[in-house]
Amino acid sequence: MPTIPDRAQTEDSTSFSPDAYFDAWVKGEITAPYDNDFRKFILTTFGLPRDDTYTYAAVAEVTLLQAQTYVEFGGQGGLHAWYRDDQGKPLDPPPAVDIAAYTNIFKSTTNTQKALVGLASNAKKESIRASIGQHLQSLYQPPSPERKIVISKLKKEHTNPYFDVWAWSCQNLEWAGPEAATSKVRFSHAILPILYHHFGCVCPSYESLSIIYQLAKGRPVIDLGSGNGYWSYMLRVFNKQKPLTVVPVDNGISEWRTVWVPDTNQIDGVEYLKKNNDGKDQVLLLVYPQVGLEFTSKILRAYKGDTIICAGTQNSNGYTAFAKETIADWIAREMPVFEKICQIPLPSFAAKDEALFAFQRKAS
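Residue numbers (my numbering): 1442 to 1805.
Written out as structure tokens, the structure is:
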């Protein structure tokens, strides 16, 4: 089992620093690959050698050069065939304006609920956009007013490099969001393993970070299965005046080219909970929990705190938590002492359908 680095780093880079990366992003010194040179973007922003041959392993294995080749292929050979008709024939890709309407939902300068309504109400009848809007609205469950969770719009965009890169990927890959049939799509794109390695398995939105921060109410957050620590880092810098205590925990089975935090606790998740009062008075955060080895069920049963938050799939495609059902379905059946208090969509990569779920222990 590899040892998780005890410093933030990008393998083969001598210059990467999380704080410096964010500072450069704020200043516009580095941006998403709007020229569609994805390989150059990764090499430049993470300070990698020009002759880089690193093999990114996730569901598939790919190098930067191979991924760039797929980017340049565009939609040839069905590479962008995310949407199909009832006979399985690929549909024409959605227009750029519909893709932008989807990505705008997650901006810190928009109201999610109003943006979701606009996505559906401004869609042409029986269009891909209409199908996406209907699907997202049908699953949308923001925190109820009595929870007193307020998502205030910002006057300028919240700094989140992954979000900007994700929004670029939607336009480049002609992806306008998930629909009900997305659960049947069994392929993705070659740039995904690279995004996993450098940023993480799922992109946090400003709204999701704000909900986690407010639900924590000052309690520490255990980022269990923290991976490369991007969510831990984002939560730590979310409110620098009143920073949230975030404890990244990971068993180190997976390797990551970029690590965003220097203090990941390398330990089995259940063992960590046992050594730390079973997670009582702490929030449990699961970001893209693995399906195998009964990982998710063992963690959930071991946790004795009051608040569970999960970033994962909101359909039954088996990508996260459980093979044939969502984490919400499992908790409703196996742990009815918890109630779901929130389910909001997350920025979803092409062919994915992600959401943030929050569960609270019912009052006894």
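Think of the CB as a built atom: it goes at the ideal place given N, C-alpha and C, for glycine as much as any other residue.
It should be emphasised that the depicted structure is a prediction, and the values quoted were computed from it without experimental measurement.
Which same chain residues, not among the five before or five after residue i, have their C-beta less than 6 Å away from its C-beta?
i: Pro1602; result: Trp1466
i: Gln1509; result: Phe1479, Arg1480
i: Val1687; result: Val1662, Asp1664, Ser1673, Leu1676, Arg1677
i: Tyr1543; result: Ala1617, Gly1618
i: Pro1586; result: none
Taking the Cβ atom as the reference point for each residue, do residue i and residue j lie within a distance shorter than 8 Å?
i: His1639; j: Phe1487; result: yes
i: Ala1796; j: Pro1788; result: no
i: Leu1532; j: Ile1569; result: yes
i: Val1662; j: Leu1650; result: no
i: Gly1753; j: Lys1721; result: no
i: Val1711; j: Ile1632; result: no
i: Asp1709; j: Asn1692; result: yes
i: Ala1799; j: Ile1592; result: no
i: Lys1596; j: Thr1551; result: no
i: Trp1609; j: Tyr1475; result: yes
i: Pro1495; j: Thr1504; result: Note on identity: in this sequence residue 1495 is Tyr, with Pro being the wrong assignment. Yes, these two residues count as a Cβ contact at 8 Å.
i: Pro1534; j: Gly1516; result: yes
i: Ala1473; j: Asp1605; result: yes
i: Ile1740; j: Cys1751; result: no
i: Lys1463; j: Thr1600; result: For the record, residue 1463 in the displayed sequence is Phe; it is not Lys. For Phe1463 and Thr1600, yes; Cβs fall inside 8 Å.
By Cβ distance below 7 Å, which residues in the same chain neighbour residue i in space, the five residues on each side in sequence not counted?
i: Val1626; result: Trp1523, Ala1792
i: Gln1578; result: Leu1557, Ala1561
i: Leu1685; result: Tyr1654, Ala1657, Val1662, Leu1676, Arg1677, Phe1679
i: Phe1736; result: Pro1730
i: Trp1697; result: His1638, Gly1668, Asn1669
i: Ala1801; result: For clarity, residue 1801 is Gln in the given sequence; the question names Ala instead. These residues qualify, in order along the chain: Asp1747, Thr1748, Phe1779, Glu1780, Ile1782.
i: Leu1614; result: His1521, His1630, Ala1791
i: Thr1455; result: Gly1488
i: Pro1443; result: Gly1693, Glu1696
i: Glu1598; result: Lys1548, Ser1549, Thr1550
Measure the alpha-carbon distance for residue i versus residue j and round it to whole angstroms.
i: Arg1448; j: Cys1783; result: 34 Å
i: Lys1716; j: Leu1489; result: 39 Å
i: Glu1502; j: Asp1493; result: 15 Å
i: Ile1635; j: Asp1453; result: 15 Å
i: Gly1618; j: His1576; result: 10 Å
i: Thr1451; j: Arg1491; result: 15 Å
i: Asn1563; j: Gly1519; result: 28 Å
i: Tyr1497; j: Gly1469; result: 27 Å
i: Glu1648; j: Ser1549; result: 7 Å
i: Ala1773; j: Phe1628; result: 30 Å
i: Cys1644; j: Leu1725; result: 18 Å
i: His1630; j: Ala1804; result: 44 Å
i: Ser1738; j: Pro1777; result: 14 Å
i: Thr1623; j: Asp1794; result: 7 Å
i: Leu1506; j: Asn1477; result: 13 Å
i: Trp1771; j: Leu1727; result: 14 Å
i: Cys1611; j: Gly1574; result: 16 Å
i: Arg1660; j: Lys1683; result: 12 Å
i: His1521; j: Glu1620; result: 15 Å
i: Asp1526; j: Lys1565; result: 16 Å
i: Glu1775; j: Arg1588; result: 24 Å
i: Ala1499; j: Trp1607; result: 18 Å
i: Ala1541; j: Lys1681; result: 30 Å
i: Glu1567; j: Ser1646; result: 28 Å
i: Lys1530; j: Ile1590; result: 43 Å
For residue i, does the count of other Cβ atoms within 10 angstroms reach 16, so buried, or fall short, so exposed?
i: Asp1664; result: buried
i: Tyr1713; result: buried
i: Ser1572; result: buried
i: Arg1742; result: exposed
i: Gln1723; result: buried
i: Phe1457; result: buried
i: Val1700; result: buried
i: Ala1537; result: exposed
i: Gln1755; result: buried
i: Pro1584; result: buried
i: Asp1539; result: buried
i: Pro1459; result: buried
i: Gly1641; result: buried
i: Ile1445; result: buried
i: Ile1546; result: buried
In its own chain, which residues sit with a C-beta less than 8 Å from the C-beta of residue i, not counting the 5 before and 5 after it?
i: Pro1689; result: Asp1664, Ser1667, Gly1670, Ser1673, Val1702, Asp1704, Thr1705, Asn1706
i: Gln1554; result: Tyr1581, Pro1583
i: Tyr1744; result: Leu1714, Asp1719, Gly1720, Leu1725
i: Gln1528; result: none
Minimum length 4: unbroken alpha helix (DSSP H) runs contained in the region 1541-1590: 1553-1562, 1569-1580
Whole runs of the alpha helix (DSSP H) within the region 1602-1650, excluding any shorter than 4 residues: 1602-1614, 1633-1639
Within the region 1724-1795, ranges of the alpha helix (DSSP H) (whole runs, at least 4 residues): 1736-1743, 1768-1775
Segments of 3+ residues assigned as beta strand (DSSP E) that fall wholly inside the region 1675-1727: 1687-1691
Inside the region 1442-1480 only - alpha helix (DSSP H) runs reaching at least 4 residues: 1459-1467
Runs of beta strand (DSSP E) wholly within the region 1477-1530 (minimum 3 residues, chain order): none
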